[in-house]
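Numbering-wise, the sequence shown is residues -1 to 318 according to this note's numbering.
Below: the structure, in structure tokens.
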Amino acid sequence: MKKEKGIDLEALKAGKSAGIPFSVGLAPEKEDELEDAVRQLLKEDPAALTKVQKLNRTSETFSHSVGNLYTYLQDRKTCLSCKDGLLSCPKKRSGFRYLLSYDSERDEMTLSLAPCSYQAVKERAFEKIRPMDRKGDVIFHDAMRLSDLVRNRPELRSTKKAYLDILLALDQIGKEEHFTLFAGNNEAPLLLIRFGCYLYARNGISCAYVRMKDLFLSLTSKDWDLRRQAEEDLADACRAEALFLEGADVLPYLSTEQADMYLYPLLKSQAGKGHVTFGSVTNPSPVDTYRRIFYRSTNLDAVMTIAQRFQESAIDDLFL
-1 MKKEKGIDLE ALKAGKSAGI PFSVGLAPEK EDELEDAVRQ LLKEDPAALT KVQKLNRTSE
59 TFSHSVGNLY TYLQDRKTCL SCKDGLLSCP KKRSGFRYLL SYDSERDEMT LSLAPCSYQA
119 VKERAFEKIR PMDRKGDVIF HDAMRLSDLV RNRPELRSTK KAYLDILLAL DQIGKEEHFT
179 LFAGNNEAPL LLIRFGCYLY ARNGISCAYV RMKDLFLSLT SKDWDLRRQA EEDLADACRA
239 EALFLEGADV LPYLSTEQAD MYLYPLLKSQ AGKGHVTFGS VTNPSPVDTY RRIFYRSTNL
299 DAVMTIAQRF QESAIDDLFL
């Protein structure tokens, strides 16, 4: 039998349909070579062999399917060698695997894409984050990045302390309110809140990830559609058990009426048992920011009471 590595898989594909390769006609000697390679791969993968045997419905099914089977089996080899999950996935479409099914009209085993177990966990976590003002993959990769740094950099004392604060608050969620702001003039506070957001969502907690400046610019926009979507996002954020504020102290100019209508309900929603709030800030405290915005509001005292509950955590040992 010719060596499997000698097969040019690209030469076996005439095109793509919705990103899924399909079989094409080959010269007889190439068909024999490909069938040999598929049979050898099946010997090495008993679970795949059982699956293929169940789908091999007629005497022609296998020969009609060898191109798809080769793709399927090579894809399985990649997945079975997975060690570090999505971060090390070498596929062009990270986190997805091929499934095999039978098409009776074509008497062929066909391919479809589905999320792998790691991707499925990630997608379920994203479903718990509303609104999600950063792309989910940004939140995920930064969460994994922070976990890796904490695991491999023992000198990062303030970062580890903040990391443990996030874990402790998860353990205590539902028992008491929790307010923490991570301060630093670099990306470290952002990595921390993104780690927290992904961790909490993965554990089934309803979360909101809000870029404060963008949300309030949209809420005060003259664009009706943009404002309506922002109001829906604000309502979702107010309902979340865990709120993650990117740039908690970076706010546009708000009139007293706008502050009372939009910002005050967001702050008030987190003041109470069972809510967790984390934020990134550039200044060590947002109190002055909120005092300036609400200085003419009848809600000033209430806002100050809430703002003063935030515990400040300076991240001074992680520079990215």
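Don't be surprised by glycine CBs; every beta carbon is placed ideally from N, CA and C.
- Across the structure, T108 and L53 are spaced so that their CA atoms are roughly 10 angstroms apart.
- Rounded to the nearest angstrom, the gap between the Cα atoms of R128 and Y198 is 13 angstroms.
- The alpha-carbon separation between Y70 and S216 amounts to approximately 46 angstroms.
- Rounded to whole angstroms, the Cβ separation of A238 and C205 is 6 angstroms, and the two are in contact under 8 angstroms.
- One alpha carbon belongs to R37, the other to D43, and they sit about 10 angstroms apart.
- Residue nearest to S156 within the set R143, K133, G182 and Q170 is G182 (criterion: CA-CA distance).
- As the crow flies, the alpha-carbon of L78 is around 54 angstroms from that of D286.
- Partner residues in the beta bridge of C205, as assigned by DSSP, are I127 and A240.
- Annotated three-state conformation of R307 is coil, per DSSP.
- Where A186 is concerned, the enclosing alpha helix (DSSP H) starts and stops at A186 to R200.
- Exposure of P152 is indicated by the presence of fewer than 16 other C-beta atoms within 10 angstroms of its C-beta.
- In the structure shown, T178 falls within a strand segment according to DSSP collapsed to helix, strand and coil.
- Between the beta-carbon of L97 and that of A118 there is about 13 angstroms, and that puts the pair past the 8 angstroms contact cut.
- With a contact defined as Cβ atoms closer than 8 angstroms, Q309 and T178 qualify at about 5 angstroms.
- Taking the Cα positions, L232 is about 40 angstroms away from C80.
- Under the three-state reduction of DSSP output, P113 falls in the strand class.
- Taking a 10 Å sphere around the C-beta of V136, we find fewer than 16 other C-beta atoms and assign the residue as exposed.
- The continuous beta strand (DSSP E) containing F276 extends over residues V274 to V279.
- In the DSSP assignment, F138 falls within the alpha helix (DSSP H) that extends over G134 to N150.
- Distance from the CA atom of L241 to the CA atom of Y207, rounded to whole angstroms, is 6 angstroms.
- Closest in C-alpha terms to L32, from the list M142, Y68 and A160, comes Y68.
- The region 45 to 63 makes no contact with the region 84 to 93: fewer than 3 CB pairs, one atom from each, lie closer than 8 angstroms.
- N66 has its alpha-carbon roughly 15 angstroms from the corresponding atom of D30.
- Counting only runs of at least 4 residues, the region 30 to 107 fully encloses the following alpha helix (DSSP H) elements, listed from N- to C-terminal order: 44 to 53 and 59 to 78.
- With respect to H176, A167 sits close: the two C-beta atoms are nearer than 7 angstroms.
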